[in-house]
Amino acid sequence: MRITDLEKTIGKFCLKVDDLYIEPGKIHGIVGPNGCGKTVFLKTAAGILKPDKGSIDYEGLTSREITMMFQRPYLMDTSVYQNLIYPLTIRKIKPDEAEVDRMLEKVGLLGQKKQYAKSLSSGERQKLSFLRALIFHPKLIMVDETLSNLDPESEELFEEMILEVQKKEPVTWLIVNHQLDHINQICYQIHHMEKGRFLKS
Amino acid sequence: MRITDLEKTIGKFCLKVDDLYIEPGKIHGIVGPNGCGKTVFLKTAAGILKPDKGSIDYEGLTSREITMMFQRPYLMDTSVYQNLIYPLTIRKIKPDEAEVDRMLEKVGLLGQKKQYAKSLSSGERQKLSFLRALIFHPKLIMVDETLSNLDPESEELFEEMILEVQKKEPVTWLIVNHQLDHINQICYQIHHMEKGRFLKS
Amino acid sequence: MIEWLKSVISDPGILSAIEVTFTMAVCSTAISSVLGIMLGLLLEKFQFPGKRIIVRMNRTLMGVPPVVVGLVVYLLIMRRGPLGPLSLLFTIKGMVIAQTLIITPIICGMIYSYARKAAPGIRVFAVTMGASRAQSVLLTIREMRREIYFCMVTGFGRSISEVGAVMLVGGNIKGRTRTMTTTISLLKSQGIFTEGVALGILLLVMAFILQWVCDMLQKEEEQDENY
Amino acid sequence: MIEWLKSVISDPGILSAIEVTFTMAVCSTAISSVLGIMLGLLLEKFQFPGKRIIVRMNRTLMGVPPVVVGLVVYLLIMRRGPLGPLSLLFTIKGMVIAQTLIITPIICGMIYSYARKAAPGIRVFAVTMGASRAQSVLLTIREMRREIYFCMVTGFGRSISEVGAVMLVGGNIKGRTRTMTTTISLLKSQGIFTEGVALGILLLVMAFILQWVCDMLQKEEEQDENY
Amino acid sequence: GGQKDEKKEDTKTEAPAETKKDEAEDTKKDEVKDKGKLMMATTTSTEDTGLLDYLKPLFKEDTGWDLEWNAVGTGEALKMGENGDVDVVLVHAKSSEEEFIGNGYGVERFPVMYNDFVVIGPKEPIAKTDDINAVFTQIINDQLPFVSRGDDSGTDKKEKKIWTELNLDPSADPNYVESGQGMGATITMADEQKAYCLTDRGTWLKQSKDATLKSELDIVCEGDKNLLNQYGVIAVNPEKYPELNNEGANDFIEWICSDKVQKLIGEYGIDEYGQALFTPNAGTDS
Ligand SMILES: Nc1ncnc2c1ncn2[C@@H]1O[C@H](COP(=O)(O)OP(=O)(O)OP(=O)(O)O)[C@@H](O)[C@H]1O
Ligand SMILES: Nc1ncnc2c1ncn2[C@@H]1O[C@H](COP(=O)(O)OP(=O)(O)OP(=O)(O)O)[C@@H](O)[C@H]1O
Ligand SMILES: [Mg+2]
Ligand SMILES: [Mg+2]
Numbered sequence: 001m002r003i004t005d006l007e008k009t010i011g012k013f014c015l016k017v018d019d020l021y022i023e024p025g026k027i028h029g030i031v032g033p034n035g036c037g038k039t040v041f042l043k044t045a046a047g048i049l050k051p052d053k054g055s056i057d058y059e060g061l062t063s064r065e066i067t068m069m070f071q072r073p074y075l076m077d078t079s080v081y082q083n084l085i086y087p088l089t090i091r092k093i094k095p096d097e098a099e100v101d102r103m104l105e106k107v108g109l110l111g112q113k114k115q116y117a118k119s120l121s122s123g124e125r126q127k128l129s130f131l132r133a134l135i136f137h138p139k140l141i142m143v144d145e146t147l148s149n150l151d152p153e154s155e156e157l158f159e160e161m162i163l164e165v166q167k168k169e170p171v172t173w174l175i176v177n178h179q180l181d182h183i184n185q186i187c188y189q190i191h192h193m194e195k196g197r198f199l200k201s
Numbered sequence: 001m002r003i004t005d006l007e008k009t010i011g012k013f014c015l016k017v018d019d020l021y022i023e024p025g026k027i028h029g030i031v032g033p034n035g036c037g038k039t040v041f042l043k044t045a046a047g048i049l050k051p052d053k054g055s056i057d058y059e060g061l062t063s064r065e066i067t068m069m070f071q072r073p074y075l076m077d078t079s080v081y082q083n084l085i086y087p088l089t090i091r092k093i094k095p096d097e098a099e100v101d102r103m104l105e106k107v108g109l110l111g112q113k114k115q116y117a118k119s120l121s122s123g124e125r126q127k128l129s130f131l132r133a134l135i136f137h138p139k140l141i142m143v144d145e146t147l148s149n150l151d152p153e154s155e156e157l158f159e160e161m162i163l164e165v166q167k168k169e170p171v172t173w174l175i176v177n178h179q180l181d182h183i184n185q186i187c188y189q190i191h192h193m194e195k196g197r198f199l200k201s
Numbered sequence: 001m002i003e004w005l006k007s008v009i010s011d012p013g014i015l016s017a018i019e020v021t022f023t024m025a026v027c028s029t030a031i032s033s034v035l036g037i038m039l040g041l042l043l044e045k046f047q048f049p050g051k052r053i054i055v056r057m058n059r060t061l062m063g064v065p066p067v068v069v070g071l072v073v074y075l076l077i078m079r080r081g082p083l084g085p086l087s088l089l090f091t092i093k094g095m096v097i098a099q100t101l102i103i104t105p106i107i108c109g110m111i112y113s114y115a116r117k118a119a120p121g122i123r124v125f126a127v128t129m130g131a132s133r134a135q136s137v138l139l140t141i142r143e144m145r146r147e148i149y150f151c152m153v154t155g156f157g158r159s160i161s162e163v164g165a166v167m168l169v170g171g172n173i174k175g176r177t178r179t180m181t182t183t184i185s186l187l188k189s190q191g192i193f194t195e196g197v198a199l200g201i202l203l204l205v206m207a208f209i210l211q212w213v214c215d216m217l218q219k220e221e222e223q224d225e226n227y
Numbered sequence: 001m002i003e004w005l006k007s008v009i010s011d012p013g014i015l016s017a018i019e020v021t022f023t024m025a026v027c028s029t030a031i032s033s034v035l036g037i038m039l040g041l042l043l044e045k046f047q048f049p050g051k052r053i054i055v056r057m058n059r060t061l062m063g064v065p066p067v068v069v070g071l072v073v074y075l076l077i078m079r080r081g082p083l084g085p086l087s088l089l090f091t092i093k094g095m096v097i098a099q100t101l102i103i104t105p106i107i108c109g110m111i112y113s114y115a116r117k118a119a120p121g122i123r124v125f126a127v128t129m130g131a132s133r134a135q136s137v138l139l140t141i142r143e144m145r146r147e148i149y150f151c152m153v154t155g156f157g158r159s160i161s162e163v164g165a166v167m168l169v170g171g172n173i174k175g176r177t178r179t180m181t182t183t184i185s186l187l188k189s190q191g192i193f194t195e196g197v198a199l200g201i202l203l204l205v206m207a208f209i210l211q212w213v214c215d216m217l218q219k220e221e222e223q224d225e226n227y
Numbered sequence: 001g002g003q004k005d006e007k008k009e010d011t012k013t014e015a016p017a018e019t020k021k022d023e024a025e026d027t028k029k030d031e032v033k034d035k036g037k038l039m040m041a042t043t044t045s046t047e048d049t050g051l052l053d054y055l056k057p058l059f060k061e062d063t064g065w066d067l068e069w070n071a072v073g074t075g076e077a078l079k080m081g082e083n084g085d086v087d088v089v090l091v092h093a094k095s096s097e098e099e100f101i102g103n104g105y106g107v108e109r110f111p112v113m114y115n116d117f118v119v120i121g122p123k124e125p126i127a128k129t130d131d132i133n134a135v136f137t138q139i140i141n142d143q144l145p146f147v148s149r150g151d152d153s154g155t156d157k158k159e160k161k162i163w164t165e166l167n168l169d170p171s172a173d174p175n176y177v178e179s180g181q182g183m184g185a186t187i188t189m190a191d192e193q194k195a196y197c198l199t200d201r202g203t204w205l206k207q208s209k210d211a212t213l214k215s216e217l218d219i220v221c222e223g224d225k226n227l228l229n230q231y232g233v234i235a236v237n238p239e240k241y242p243e244l245n246n247e248g249a250n251d252f253i254e255w256i257c258s259d260k261v262q263k264l265i266g267e268y269g270i271d272e273y274g275q276a277l278f279t280p281n282a283g284t285d286s
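Residue numbers (the numbering used here), protein chains in the order written: chain A, 1 to 201; chain B, 1 to 201; chain C, 1 to 227; chain D, 1 to 227; chain E, 1 to 286.
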């Protein structure tokens, strides 16, 4: 993915990306202080915000193959299970029940399969959101601090899961996180942001 | 603060606290895996959820002196400044403008004083929420992972601020966090939770 | 009381009025809901110059006097009017048209007001899931289903309670276009007040039962959120 | 067109109708808003057995036919009725009572529906800030101000557009209790259709302007949230 | 209650005028079979008194037409005729009717029947009389409360005419109010305010018999020759609106003016009210 000459102004904040190349199939980290524009950047890259200027070359990826996980995931007004299979539903794929159960089991949500999604705890929400993004095998996954409310074990588990995905069929990851030490271990490249700009690394 | 024989059931989840003593004027940490009931416990302790059974002895503290910061802070539909001084407004205290500006400056939100609060980035929201809780000098402060979306510098800054408050006039802190190493440095005592119960420490 | 109810239930005039009322109300609520939901969501989604004016006009039209709508529709569908050849005057169809004009702005305005809060978040989520436009709209509707249901109930209530437009466009023809409310109106004009009130209560009871049935069909429990 | 407007503006009958309409609408909207907001918030806040029935009854009452309310109020305030000594019949006060009965359930129902989503979070926040009960309610109202305004606009719209109840309780007395809509109704019954429509449009234009002024007074920009 | 049984007909959705025409062409006149609908606009008094409910089945039996009506204000009724939305009108406002015909909307006016106007009101201070002029003069002189319909209906026109003839200005009476409503509502208002009002006898009889609130008013003036209330029936001009059901309209006029029906009208109400509500007078005019 190559981003050139991108500009996006919201209120007083201005995001400017002169030239950024995200190598496909690798895990990229983005770090930077609060309010430096990480979320705005990801949203623009995901096509949620329209840039004022500039262009993003997805190198053949369609919008169906891109996903983003929010800091506070949106959960549909229904059960955990329904939330999880929503991406499959809209793609008219019949979910493999055994596989779904296995995934839930792995992160410890199997017992809450039928629970009302909005009553989950924040960590559980993030887990659900993570699974929901993985379930339809996108090619570009953006993670906006989705892992920061997890307990240490879960965090490790998710790092493992990310690496597992990479082993099978590499996808591009853009992971925003504040904890450099964690992200360092799995990232191929780390991009630093400050005040709406990427620093040369 | 002493909690005895507390029971609270929500859905399938059940919180049980046989006997817990929170020593006043100290910083207490609470850790535990996702979904173990930390938030439910804090909410019950803050009087937001009514317990099914048992009692909480606040040792003379009134509800006006207790506050809680949520994982996802609630921001009022107005400016950052108005949000910040809300606790003073309802106490009919005239805010000290210089002091307010100093606080905002410290966390780097001064430039956003007039900004619409709901348009802040998540880290900024948490900072605002933190200041808003400090501004009215409560005696018991519960922090529900409010610090987990902050960048490392801000996190340190907030730890300093907590210690600063303790130096002036000690208040009771109940801090939920997943990163043991951070919390270990400032906490007087750490309480471990699992599946709705506190483990003997 | 029971005597009266029996006599009412066996009165073909009243039976037909009940039938006409509910036929008209269901049809006009259905059409207005489709239009109102569509327009409300479109209005929320797109930004364009003059949007505020449109929103304000919509709000104003929520208070359009039914008798004015009745007059306008009459002038449209009367024999000499532009839609005269369709022979809609003094028919239930004509009444449904008038009602639709009254109710659509109400549903549209309410949907817009709900969607302003809920829809942006839903839309963003839909994009991240790779939903198509249609799927995104569908999801918005699904997520707002409780609000939409409420809007429809409001529209339905307005529809069964209306007199002004229905009387003029429908002609209040006994056995054909006479509704419960126009019957009550007629009783009122004849000074027969208590029976009018009784019929009104009967109408409300039926509306209540209908709503109960709809609530049951939804079978949805409200569940607590974890804040 | 301008000729007509001039003649309308100088007609004391119409001027008085305009005055009566807006006096009545403003009063009844104000009273209904206070009652409706209070009841709606209370209904949302407290859990009690039979609450679902109350909610459903409220929704049903949103569709109470105005003519029925008119009849009931008439029977209450007529000379021989229980409130007869107050001499409310054929006065604007009486009309306001009838209107209030019609509009309060609408505002209450809408407020309840908005509050169900918004209020729990606000209330929890108010507790953490140490707000008293009254302050917590106040905050809820402040946070829901846009929705409340919308409810009031809806109520106002209903109020200026009503005929059924107002005609009966007010008596449509020329120069005293005749409103714009009852004037239109009268014109209709005289077969003067186009002038009726014109008056209706005049009414809507005035309502539009009034709303514009209210919007201005609020001076509030809508701002984007950061999702 | 005021509802009477009636046969429930099937609600056809196709254009009524055309079907009527087609059916009319292949039907001989004497054969009584289902011919279709005849739409009439009329004033509220004919419906409120139940006369139309009484005549409808008989008309169907005799001619095969299904009579349907829209009971509204006189002005509205004539307007619907003007717009060609009804086939025939039955109203009581001679001058407006003549204007209606003069403008080419109606074919010819046939007087059908009359009833009379009465003044109702409290027994005091006006004593019962048959002199309408005395009553109206006293109302103005003593500034007695009076409720006028003020809706330009036949009754209202009659009342205004009396004032003009007496050279009186009712607006000089501060207790003179205009209700802008139908007859029934106006009577209710007058009763409520213990006021006088001019009404047709039919509505008054019906109201005092059926209304929820027993009226405290009485007739204070009746029998003046000036108080006759003539009903006329007019077919809407088929030259203006060829698609109208003119055949049915003519059948109705012929039928209602026939001796048999005239006699029925003269008998209507005797059972229920103890007196006839309308006096048939087809062919003559009052
Ligand atoms: N709708 C908006 N209106 C005005 N300012 C906005 C809006 N959305 C975002 N901003 C501002 O843009 C800046 C960047 O926001 P963004 O959410 O991208 O930060 P971030 O890097 O994700 O920070 P964090 O680590 O706290 O999540 C912030 O200062 C924020 O206040
Ligand atoms: N309203 C509710 N209905 C049903 N279950 C609930 C509800 N609220 C909370 N729960 C369940 O209670 C358990 C405890 O929730 P809580 O929010 O206290 O977890 P937590 O310890 O704060 O976790 P996290 O670290 O993820 O924030 C969770 O399993 C959650 O799913
Ligand atoms: Mg962010
Ligand atoms: Mg939690």
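The beta-carbon is built from N, C-alpha and C at its ideal position, and this holds for glycine as well.
In this structure, residue 6/A keeps its C-beta atom at 8 Å or more from the C-beta atom of residue 174/A.
Here DSSP, grouped into helix, strand and coil, assigns residue 176/E to strand.
Around the beta carbon of residue 119/C, a 10 Å sphere encloses 16 or more other beta carbons of the protein chains shown; the residue is thus reported as buried. Counting of Cβ neighbours within 10 angstroms places residue 10/D among the exposed residues, the total staying below 16.
For residue 55/B, the beta-bridge partners assigned by DSSP are 4/B.
Set against 7 Å, the gap from the CB of residue 71/A to the closest heavy atom of ligand 1 is smaller.
Residue 213/E reaches chain C at 191, 193, counting residues in chain order whose Cβ is nearer than 8 Å. Contact of residue 24/D with chain C is not assigned, every C-beta pair being separated by 8 Å or more.
Residues whose Cβ lies closer than 5 Å to any heavy atom of ligand 2, listed in chain order: 119/A, 120/A, 121/A, 122/A, 123/A, 10/B, 11/B, 13/B, 34/B, 35/B, 36/B, 37/B, 38/B, 39/B, 40/B, 224/C, 226/C. Closer than 7 Å to some heavy atom of ligand 3: that does not describe the Cβ of residue 151/B.
Taking C-alpha positions only, residue 72/C is separated from residue 197/D by approximately 7 Å. Nearest Cα to residue 37/B within the set 18/B, 48/B, 10/B: 10/B. Taking each of 48/A, 172/A, 3/A in turn and checking the Cα distance to residue 125/C, the smallest one comes out for 48/A. What residue 267/E touches in chain C, judged by beta-carbon distance under 9 Å, is nothing: the nearest beta carbon there is about 22 Å away.
When secondary structure is reduced to three states using DSSP, residue 127/E falls in the coil class, being assigned neither helix nor strand.
Identification of chain C residues near residue 118/A by a Cβ-Cβ cut-off of 9 Å yields 223, 224, 225, 226, ordered along the chain.
Residue 153/E is not a Cβ neighbour of residue 49/E, given a cutoff of 8 Å. Distance from the CA atom of residue 157/B to the CA atom of residue 30/A, rounded to whole angstroms, is 22 Å. Within its own chain, the residues whose Cβ lies closer than 6 Å to the Cβ of residue 186/A, once the five positions on either side in sequence are excluded, are 27, 159, listed in chain order.
For residue 144/B, the shortest C-beta to heavy atom distance toward ligand 4 is below 7 Å. Sequence-distant partners of residue 123/D (beyond 5 residues in either direction) whose C-beta falls short of 8 Å from its own C-beta, in its chain, are 45, 136, 140.
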